[in-house]
Amino acid sequence: MLAEQDETSALLRQSAASFIKDMQARTDVNRSASWQDMVSLGWGGVLLPEAVGGSGLGIEHAAILMEVMGEHGFDTPLLTGVFLPSILLADMRGDGARSLLERIADGSLQAPLAWQERIGQIDPETPATVLRQERLSGRKLFVPGVDTAATLIVS
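In this note's numbering, the protein residues as written are 4 to 158.
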C-alpha cells in the first residue's frame, strides 16, 4: 500500500474504495454508467491542471486510484484511456492538445495509446506506422481500451 502523505490522499483512497464496492454490489450498472460516475468524482482530471478542467493533484493520487482499483479487481479505462494520454499530452502545446486535455478531463474522451508494432517491442521511438495524405498505414498491437475508445493516440 502506498503511504498516505496528506488528508487528500486518505480521502481519495476512502472514496475510491467505497465507490468501487458500491459499483461491484450493483447489478444494474453498465460500464458507461460507471465511467460517468468516475468522471463526476473528478478522477479523469487527477493528472491534469485546473486550466483544462483537471484537479492538478498529480501522479501520487493517480497511483492511489489505480492501487485501489487493483485491490478490488475493478476494470476501468482510467489508466490506458485517461492517465497515460494525460501524461503524454500535458507537455504538448497548441489548441489541439488543449482541446484533447479538456475532453479527457470532462470525461468525453478516452484516448488509449497505440504504439507497439511488434511482439516484444519496447522502443516506441521508431514506428513504422505512417500518415500519408491523411491516411494512416501500419499496424499496432496490444492497445488496451481500443474496444471502447473512439479516439486513439498513434505513434
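Backbone N, C-alpha and C fix where the C-beta goes; we use that ideal spot for every residue, glycine too.
Quantities reported herein were computed from a predicted structural model and do not represent experimental measurements.
Exercise. DSSP on valine 133, reduced to helix/strand/coil?
Worked result: Residue numbering aside, residue 133 sits at position 130 when the sequence shown is read from its first letter. Correct three-state label for valine 133: strand.
For this session: Compare the C-beta of serine 89 with all C-beta atoms of chain D and state if any pair is closer than 8 Å.
Result: The structure shown has no chain D; it contains just one protein chain.
Problem set entry | As assigned by DSSP and simplified to three states, the class of isoleucine 125 | Within the sequence shown, the letter at position 122 stands for residue 125. Isoleucine 125: coil per DSSP, three-state reduction.
Exercise. Are serine 18 and leucine 44 close, meaning C-beta to C-beta below 8 Å?
Worked result: On the sequence shown, residue 18 is found 15 positions in, with the first residue counted as 1. On the sequence shown, residue 44 is found 41 positions in, with the first residue counted as 1. Yes.
Exercise. Heavy atom of the ligand GDP less than 7 Å from the Cβ of leucine 91, yes or no?
Worked result: Among the components of this structure there are no ligands whatsoever, and the ligand GDP is therefore not found.
Exercise. Taking C-alpha atoms, which residue in Ala131, Val55 and Leu112 lies nearest to glycine 84?
Worked result: One-based indexing of the sequence shown puts residue 84 at position 81. Cα-wise, what sits closest to glycine 84 is Leu112.
Problem set entry | Where the alpha helix (DSSP H) through serine 102 begins and ends | Position 99 of the sequence shown, counted from the start, is the residue given in the question as residue 102. DSSP places serine 102 in the uninterrupted alpha helix (DSSP H) bounded by 98-108.
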